[in-house]
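Below is one structure, written out as structure tokens, with a few remarks after it.
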Amino acid sequence: MRDNGLLIHRFQIGDLACAVISDGQPGPPLEPELSSFFTPGSGVPEPELAAAVAAEGLGRRTLTCGYNCLCVETPDGLAVIDTGLGKDFLGYGPHIRPLVGRLPDGLRAAGLPEPAAVVLTHLHEDHVRGAVWPGEPAYPGAVGHAHAAEIAFWSSAAESALPEQRGPAREAIRILGERLRPFTYDAEILPGLHTVEAAGHTPGHTAYLVRSRGERLLCLGDTFYDPLQLRHPSWRTPWDGDAARSVRSRRRLLALAAAENLLVHAYHLPFPGLGRIERHRDAFRWTPEPSA
Numbered sequence: 000m001r002d003n004g005l006l007i008h009r010f011q012i013g014d015l016a017c018a019v020i021s022d023g024q025p026g027p028p029l030e031p032e033l034s035s036f037f038t039p040g041s042g043v044p045e046p047e048l049a050a051a052v053a054a055e056g057l058g059r060r061t062l063t064c065g066y067n068c069l070c071v072e073t074p075d076g077l078a079v080i081d082t083g084l085g086k087d088f089l090g091y092g093p094h095i096r097p098l099v100g101r102l103p104d105g106l107r108a109a110g111l112p113e114p115a116a117v118v119l120t121h122l123h124e125d126h127v128r129g130a131v132w133p134g135e136p137a138y139p140g141a142v143g144h145a146h147a148a149e150i151a152f153w154s155s156a157a158e159s160a161l162p163e164q165r166g167p168a169r170e171a172i173r174i175l176g177e178r179l180r181p182f183t184y185d186a187e188i189l190p191g192l193h194t195v196e197a198a199g200h201t202p203g204h205t206a207y208l209v210r211s212r213g214e215r216l217l218c219l220g221d222t223f224y225d226p227l228q229l230r231h232p233s234w235r236t237p238w239d240g241d242a243a244r245s246v247r248s249r250r251r252l253l254a255l256a257a258a259e260n261l262l263v264h265a266y267h268l269p270f271p272g273l274g275r276i277e278r279h280r281d282a283f284r285w286t287p288e289p290s291a
């Protein structure tokens, strides 16, 4: 559904009303080149990428990098899983500024209550900045949730493999302060919302299983960026902190989703980022869920 240019998709998981709200869907020329994500340095030789794109048959050169924020109305209040880039973001150039930061307007347009919880898959800027702009909690009544290892890693004085992400992550941790609660894997942090180990992209990268009355949704965060990674699950990106672990997590989670026919939410796929994963030879493939 479009509401004054806002992208909102409603659906139900058992008794839990859910919605995906886009914080932004930047199009050309802001879509990143596939070759900037899947590079020889991240283990994807140029001929292999070219062959995979040709086999896909879509003639594309770019990755459609949306920011799909998942909202779940739990018995304890509204949980928003990841919060986008927030308003007035200039980090990718001035042209992106009017294209992102739409989550708050989307929440209002959808008639949803003020979030009671901000639940983070990890602390990269494009997932957490929307919770802390402009330098204060965007949702002051919300409790933040992130994995303990994620908070510890970005708080550490040790050097990071991604130094450009350390500043925004630390700033988010500082601003959220005591509102940010650490958790462990295999925990129910809110009614119907369970944490699932997905480490590798970052040390505490977390997937979430939304479960109610026998229905389930697996929210995968940045487990994969593009459907090409389902056909080539060993492909990693420059944003994966621990490349080997990210590949192991991706294979395990894709296998789980395929084996149990789970509805899947993918943060960076074209809106609304919902679909199913099935086995295809020795890899997987993505089928988008029909949406109005």
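Residue numbers for the sequence shown, in numbering that gives the first Met the number 0: 0 to 291. The C-beta atom is built at its ideal place from N, Cα and C for all residues, glycine as well.
Under the three-state DSSP convention, the category residue i falls into
i	result
Arg180	strand
Trp153	helix
Ala282	strand
Phe36	helix
Glu277	strand
Pro287	strand
Ala116	strand
Ala145	strand
Glu170	helix
Val127	helix
Leu111	coil
Glu163	helix
Leu189	strand
Nearest-angstrom Cβ-Cβ length linking residue i and residue j, presumed shorter than 8 Å
i	j	result
Thr201	Phe182	Going by Cβ atoms, the distance from Thr201 to Phe182 rounds to 15 Å, so no, they are not a contact pair.
Leu219	Val209	No, Leu219 and Val209 are not in contact; Cβ-Cβ is about 12 Å, not under 8 Å.
Thr63	Glu32	About 12 Å separates the two Cβ atoms, so there is no contact after all.
Val324	Tyr207	Given that the chain is displayed from residue 0 to residue 291, the structure contains no residue 324 and the question cannot be resolved.
Val99	Leu84	4 Å
Leu179	Ile150	7 Å
Leu5	Gly105	5 Å
Tyr266	Asp221	6 Å
His231	Ala282	7 Å
Ala148	Tyr138	Their Cβ separation, rounded to whole angstroms, is 24 Å, which puts Ala148 and Tyr138 out of contact at 8 Å.
His121	Gly203	6 Å
Leu15	Val71	6 Å
With 16 other Cβ atoms within 10 Å as the buried cut-off, status of residue i
i	result
Pro271	buried
Asn260	exposed
Gly23	buried
Thr286	exposed
Gln228	buried
Gln11	exposed
Arg107	exposed
Ser248	buried
Ser35	exposed
Asp125	buried
Ser245	buried
Arg212	exposed
Asp225	buried
Glu173	Contrary to the premise, residue 173 reads as Arg rather than Glu in this sequence. Result: exposed.
Pro114	buried
Pro74	exposed
Pro103	buried
Gly26	exposed
Ser21	buried
Ala186	exposed
Leu18	Note that residue 18 corresponds to Ala in the displayed sequence, not to Leu. Result: buried.
Asp81	buried
Pro39	exposed
Gly65	buried
Gly274	buried
Gly176	exposed
Gly110	exposed
Ala116	buried
Looking at C-beta atoms only, is the number of pairs between the segment 139 to 147 and the segment 163 to 170 that lie closer than 8 Å three or more? no
Should the segment 43 to 53 be regarded as contacting the segment 74 to 91, the criterion being three or more beta carbon pairs within less than 8 Å? no
What are the complete beta strand (DSSP E) segments, minimum 3 residues, inside the segment 200 to 264? 205 to 211, 214 to 218, 262 to 264
Identify every run of the alpha helix (DSSP H) within the segment 5 to 87, keeping only runs that are complete inside it and at least 4 residues long; order them along the chain. 33 to 36, 45 to 55
For the segment 275 to 291 and the segment 252 to 261, state whether three or more C-beta atom pairs, one from each stretch, are separated by less than 8 Å. Segments in contact, yes.
Is the segment 57 to 73 touching the segment 234 to 243 in the sense that three or more CB pairs, one from each, lie closer than 8 Å? no
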